[in-house]
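Visitor: Taken in sequence, the protein lines are chains V and L.
Position 54 of the first sequence, counted from 1, bears residue number 53 in numbering that gives the first Met the number 0, the numbering being contiguous throughout.
Position 93 of the second sequence, counted from 1, bears residue number 92 in numbering that gives the first Met the number 0, the numbering being contiguous throughout.
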Amino acid sequence: MGDLTELNLAEARDGLAKKEFSASELAQAHVDAVAASAPLNAFVLETADKALAMAADSDARLAAGTARPLEGLPIGVKDLFCTKDIRTTACSNILDEFTPTYESTVTQNLWNDGAVMLGKLNNDEFAMGSSNETSRFGPVVNPWRGADGQNLVPGGSSGGSSAAVAAHLGVAATATDTGGSIRQPAAFTGTVGMKPTYGRCSRWGIVAFASSLDQAGPICRNVRDTAIMLTSMSGFDAKDTTSIDRPVPDYEAALTGDIRGLKVGIPKEYRVDNMPAEIDALWQQGIDWLRAAGAEIVDISLPHTKYALPAYYIIAPAEASSNLARYDGVRYGARKAGVDLEDMYAGTRAAGFGEEVTRRVMIGTYALSAGYYDAYYIKALQVRRLIAEDFAAAYEKCDVLLTPTTPSAAFPIGGKVDDPLDMYLNDVFTVTVNLAGLPGISVPAGLDKDGLPLGLQLIGQAFGEEQLLRVARVMEAAAGFAARPQAWWKDQ
Amino acid sequence: MSVDETMVRRIATLARIGVGDEQLPGLVKELSSILDFVEQLNELDTQGVKPLTSAVEATMRMREDVVTDGGYPDAILANAPERDDDYFAVPKVVE
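1. Run through chain L and tell me which residues come within less than 7 angstroms of ILE243 of chain V, C-beta to C-beta.
2. Give me the subset of the segment 38-51 of chain L whose CB atoms are less than 7 angstroms from a CB atom of chain V, sorted by chain position.
3. State yes or no: is the beta carbon of LYS415 of chain V nearer than 8 angstroms to at least one beta carbon in chain L?
4. Taking the runs of the beta strand (DSSP E) that are 3 residues or longer, which of them lie wholly in the segment 410-487 of chain V?
5. With three or more C-beta pairs closer than 8 angstroms as the rule, is the segment 257-277 of chain V touching the segment 289-297 of chain V?
6. Note down, in chain order, all residues in the segment 8-41 of chain V with a beta-carbon under 7 angstroms from any beta-carbon belonging to chain L.
7. With a threshold of 8 angstroms on Cβ separation, who are the neighbours of ARG86 of chain V within its own chain once the five nearest residues in sequence on each side are excluded?
8. Answer with yes or no whether the minimum CB distance from PRO80 of chain L to chain V is below 8 angstroms.
9. Please give the ranges of any beta strand (DSSP E) in the segment 266-341 of chain V, keeping only runs that are unbroken, at least 3 residues long and fully inside the region.
10. I believe TYR250 of chain V touches GLU464 of chain V by the beta-carbon criterion, under 8 angstroms. Please report the beta-carbon distance rounded to the nearest angstrom.
11. What do you reckon, are the CB atoms on ALA280 of chain V and ILE218 of chain V nearer than 8 angstroms?
12. Count the other CB atoms, across all protein chains shown, that sit within 10 Å of the CB of LYS378 of chain V; report buried if there are 16 or more and exposed otherwise.
13. I'd like to know whether the C-beta atoms of ALA494 of chain V and MET116 of chain V end up nearer to each other than 8 angstroms.
14. Taking only the alpha-carbon atoms, compute the straight-line gap between LEU94 of chain V and SER157 of chain V and give it to the nearest angstrom.
15. Mind checking if TYR269 of chain V is an interface residue toward chain L, Cβ cutoff 8 angstroms exclusive?
16. On the DSSP letters alone, give me the boundaries of the alpha helix (DSSP H) that MET116 of chain V sits inside.
17. So PHE125 of chain V packs on VAL442 of chain V, CB below 8 angstroms; how close in whole Å?
18. Looking at C-alpha atoms only, which residue of V:TYR375, V:PRO68, V:SER160, V:VAL430 is the closest neighbour of TRP110 of chain V?
19. Can you pull the chain L residues whose beta carbon is under 7 angstroms from the beta carbon of PRO309 of chain V, in chain order?
20. Three-state secondary structure (DSSP) at ASP83 of chain L?
21. Quick one, which of V:GLN485, V:ASP490, V:GLN491 has its alpha-carbon nearest PRO142 of chain V's?
22. Once the 5 residues before and after GLU132 of chain V are set aside, which same chain residues still bring their CB inside 8 angstroms of it?
23. Kindly identify the DSSP beta-bridge partner or partners of LEU8 of chain V.
24. Taking all protein chains shown into account, decide if GLY351 of chain V is buried (16 or more other Cβ within 10 angstroms of its Cβ) or exposed.
25. Express the C-alpha separation of TYR311 of chain V and GLY436 of chain V in angstroms, rounding to a whole number.
26. Determine which residues of the segment 91-110 of chain V have a Cβ less than 7 angstroms from any Cβ of chain L, and write them out in chain order.
27. For LYS509 of chain V and TYR306 of chain V, what's the separation of their Cα atoms in angstroms?
28. Check distances from the C-beta atoms of the segment 338-349 of chain V to those of chain L and list, in chain order, the residues that come in under 9 angstroms.
29. Measure how close the beta-carbons of SER180 of chain V and ARG135 of chain V come, nearest whole angstrom, since I'm counting them as under 8 angstroms.
30. Considering Cα atoms alone, identify which of V:MET53, V:ARG199, V:GLY159 is closest to PRO246 of chain V.
31. When DSSP labels each residue in this structure, what does PHE42 of chain V get in the three-state scheme?
32. From GLY363 of chain V to THR100 of chain V, what distance separates their C-alpha atoms?
33. Of all the beta strand (DSSP E) runs that stay within the bounds of the segment 72-108 of chain V, which reach a length of 3 or more residues?
34. Could you say which of V:GLY64, V:LEU39, V:SER23, V:ASP58 lies nearest to ASP48 of chain V if we only look at CA atoms?
35. DSSP state of ILE181 of chain V, grouped into three classes?
36. Run the proximity test for PRO406 of chain V: is its beta-carbon closer than 7 angstroms to any non-hydrogen atom belonging to the ligand FMN?
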């Protein structure tokens with residue numbers, strides 16, 4: 000039977016269908032792998048009993064011939080998704096032992112399709128971070144190590160998701176992306192991460208960070224698995240007013256391998272100062288791969304690119320300061336007693352929020368306050384329109400865009416924590432996509448000089464997920480990325 | 000644009016986050032550096048540009064004005080730090 004955690008999602012699905020092994024055997028292998036992964040700190044809560052019970056149900060359905068699309072497939076869930084009767088913290092102290100009495104729509108969709116839950120995955124507190132170092136549960140360690148054996152970050156905010164998938168602790172994981180939090184960690188761990196179009200996946204039951212930018216998506220080990228996961232996660236939900244009511248295609252069926260005649264835009268503004276030569280070279284390699292597959296390469300311009308990050312660091316904190324107002328020690332989470340109500344609020348929030356969350360709530364509060372609202376918040380929303388219009392103009396000349404995912408490979412734990420701005424620059428290539436509400440996907444494309452994975456990003460048009468996945472699959476096949484991290488964590 | 004300690008204290012009050020005096024110098028530095036960074040937006044002339052509030056232009060859906068949910072106070076109160084019967088309990092507000 001071999002080690003069942005070696006199987007990717009589609010392989011496990013097909014093996015279950017052929018009865019080569021049972022869902023219970025598949026679940027047990029993953030439960031054991033998760034239990035042996037403590038040095039990575041990817042899981043903040045293991046739900047082994049639930050996984051085995053769900054797998055037993057899957058075995059009954061497989062035997063009865065009523066298997067659903069994800070029947071018996073073990074996955075991890077970012078701790079930002081509310082899971083009924085299972086502690087959900089957004090990795091913040093302020094949520095304490097919060098145990099939802101309801102299930103997020105995206106995870107419910109996955110359970111309805113037969114997926115098996117392995118547990119909750121670490122993330123940056125309230126998804127605010129690019130290195131998974133702001134979690135109340137401590138940093139996640141990247142399964143990949145540099146030449147010197149140093150511990151590296153797995154990216155963030157979905158660092159538990161990316162590390163777990165890279166370490167074969169599940170065939171897939173759910174994640175969320177507000178400024179790059181799916182794609183950047185995918186790039187840092189040699190995995191595939193996709194943020195779909197805003198409105199494609201319901202936000203209902205996901206702990207809110209910046210509601211006009213937040214979007215759920217999968218992290219998987221290849222493009223086909225990503226397409227399968229996205230098909231199950233997507234769909235209209237009346238409980239999310241920004242959910243879009245349009246049919247969900249079978250994304251796996253879109254992987255035809257044929258991109259002849261497709262126009263791929265190369266935005267010149269993404270060639271930033273101080274970008275390592277190897278990232279530039281990888282980008283050129285990606286261009287060559289797509290050209291060789293029959294695509295036409297078009298030079299395009301997104302002139303307002305450099306203003307995306309500053310606009311984001313007004314808009315996202317502004318929305319966060321509003322969303323996080325709900326954590327007041329009254330309805331859920333931790334409470335710190337005070338002499339009066341105001342004192343209770345201030346004490347509860349001071350004790351419950353970490354440094355980065357405090358910083359962002361304060362920046363957002365300032366940007367929305369009387370006298371500064373127009374100068375900061377309205378100005379940022381105007382720039383957001385200019386950025387969205389850049390993309391609209393580009394898509395008159397091309398079908399998809401190709402860029403690097405990140406300006407560097409994974410960096411050492413502790414390397415950037417003292418400089419918030421330096422940390423923010425991680426999202427320079429990903430944040431534009433959230434501001435414009437477009438779909439984006441990161442595909443592992445090569446290794447840097449230290450043997451660490453690097454990703455290339457493809458950006459699609461609104462609801463152009465099928466085309467985007469088709470190109471991603473072609474690029475993945477051309478890249479032939481097969482490198483794996485050594486499983487050092489199993490020996491510790 | 001930089002902020003000073005008075006402004007940081009004012010923001011903390013608005014945000015209902017208790018900030019100790021010893022935290023002020025660090026917050027002044029960090030918030031000022033972020034505000035300096037976003038200052039570059041002023042290089043752009045945005046006169047007449049309509050603010051973009053949502054990435055997807057969609058109109059709000061209407062639905063029947065009927066009760067579709069509710070009736071489970073225990074579920075709503077299940078995570079309350081303090082409750083009194085079917086109510087959230089808070090420190091005394093009115094003397």
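Don't be surprised by glycine CBs; every beta carbon is placed ideally from N, CA and C.
Because the structure is a prediction, the values reported are computed rather than measured.
Guide: Well, looking at it:
1. Taking the first residue of the first sequence as 1, we reach residue 243 of chain V at position 244. By Cβ distance, chain L contributes VAL55, ALA57.
2. GLN39, LEU40, LEU43, THR45, VAL48, LYS49, PRO50, LEU51
3. Counted from its first residue, the first sequence places residue 415 of chain V at position 416. Not an interface residue.
4. 439-446, 452-458
5. yes
6. none
7. For the purposes of this step, residue 86 of chain V is identified with residue 87 of the first sequence, where counting begins at 1. Only LEU44, GLU96, PHE97, THR98, LYS119 meet the Cβ criterion.
8. Residue 80 of chain L sits at position 81 when you count from the first residue of the second sequence. For PRO80 of chain L, the answer is yes, since a Cβ of chain V falls inside 8 angstroms of its Cβ.
9. 295-299
10. Taking the first sequence and counting its residues from 1, one reaches residue 250 of chain V at position 251. Taking the first sequence and counting its residues from 1, one reaches residue 464 of chain V at position 465. About 6 angstroms separates the two Cβ atoms, so the contact holds.
11. For the purposes of this step, residue 280 of chain V is taken as residue 281 along the first sequence, with counting starting at 1. For the purposes of this step, residue 218 of chain V is taken as residue 219 along the first sequence, with counting starting at 1. Against a cut-off of 8 angstroms, the Cβ pair of ILE218 of chain V and ALA280 of chain V comes out as no contact.
12. On the first sequence, residue 378 of chain V is found 379 positions in, with the first residue counted as 1. Label assigned to LYS378 of chain V: buried.
13. Residue 494 of chain V falls outside the range modelled here, since chain V spans only 0 to 491, and no answer is possible.
14. As a first step, residue 94 of chain V is located in the first sequence; it is residue number 95 there, counting from the start. As a first step, residue 157 of chain V is located in the first sequence; it is residue number 158 there, counting from the start. Each residue's alpha carbon lies about 18 angstroms from the other.
15. On the first sequence, residue 269 of chain V is found 270 positions in, with the first residue counted as 1. No, TYR269 of chain V lies away from the interface with chain L (no Cβ there is under 8 angstroms from its Cβ).
16. Counting from one through the first sequence, the residue named residue 116 of chain V turns up at place 117. No alpha helix (DSSP H) contains MET116 of chain V, which is instead part of the beta strand (DSSP E) from 115-120.
17. Locating residue 125 of chain V in the first sequence gives position 126, where the first residue counts as 1. Locating residue 442 of chain V in the first sequence gives position 443, where the first residue counts as 1. PHE125 of chain V to VAL442 of chain V, Cβ: 28 angstroms. No contact.
18. Translated into the one-based positions of the first sequence, residue 110 of chain V becomes position 111. Residue V:PRO68 is the option with its Cα nearest to TRP110 of chain V.
19. Position 310 of the first sequence, counted from the first residue, corresponds to residue 309 of chain V. What PRO309 of chain V touches in chain L: PHE36, VAL37, GLN39, LEU40.
20. By 1-based counting over the second sequence, the position of residue 83 of chain L is 84. Looking at ASP83 of chain L - three-state DSSP - the assignment turns out to be strand.
21. As a first step, residue 142 of chain V is located in the first sequence; it is residue number 143 there, counting from the start. The shortest C-alpha separation from PRO142 of chain V is found at V:GLN485.
22. Along the first sequence, read from residue 1 onward, the residue named residue 132 of chain V stands at position 133. For GLU132 of chain V, where only same-chain residues beyond five positions count, the Cβ hits under 8 angstroms are ASP123, PRO138, VAL152, GLY155, ILE412, GLY413, VAL416.
23. Mapped onto the first sequence, residue 8 of chain V falls at position 9. DSSP lists no partner for LEU8 of chain V.
24. Here residue 351 of chain V refers to the residue found at position 352 when the first sequence is read from its first residue. GLY351 of chain V comes out buried.
25. Looking up residue 436 of chain V in the first sequence gives position 437. Looking up residue 311 of chain V in the first sequence gives position 312. Their backbone Cα atoms lie some 13 angstroms apart in a straight line.
26. PHE97, THR98, THR100
27. Since the displayed chain V opens at 0 and closes at 491, residue 509 of chain V lies outside it and no answer follows.
28. VAL338, ASP339, LEU340, GLU341, ASP342, MET343, TYR344, ALA345, GLY346, THR347, ARG348, ALA349
29. Working through the first sequence from its first residue, we reach residue 180 of chain V at position 181. Working through the first sequence from its first residue, we reach residue 135 of chain V at position 136. In fact, because the Cβ distance is near 17 angstroms, the residues do not count as touching under 8 angstroms.
30. Against the first sequence, residue 246 of chain V aligns to sequence position 247. Nearest C-alpha to PRO246 of chain V: V:ARG199.
31. Numbered from its first residue, the first sequence carries residue 42 of chain V at position 43. Reduced to three states, the DSSP call for PHE42 of chain V is strand.
32. In the first sequence, residue 363 of chain V corresponds to position 364, counting from 1. In the first sequence, residue 100 of chain V corresponds to position 101, counting from 1. Taking the straight line from one Cα to the other gives about 30 angstroms.
33. 73-77
34. Numbered from its first residue, the first sequence carries residue 48 of chain V at position 49. Of the listed residues, the one whose Cα sits closest to ASP48 of chain V is V:SER23.
35. Against the first sequence, residue 181 of chain V aligns to sequence position 182. Reduced to three states, the DSSP call for ILE181 of chain V is coil.
36. With respect to the ligand FMN, the structure offers nothing, as it holds no ligand at all.
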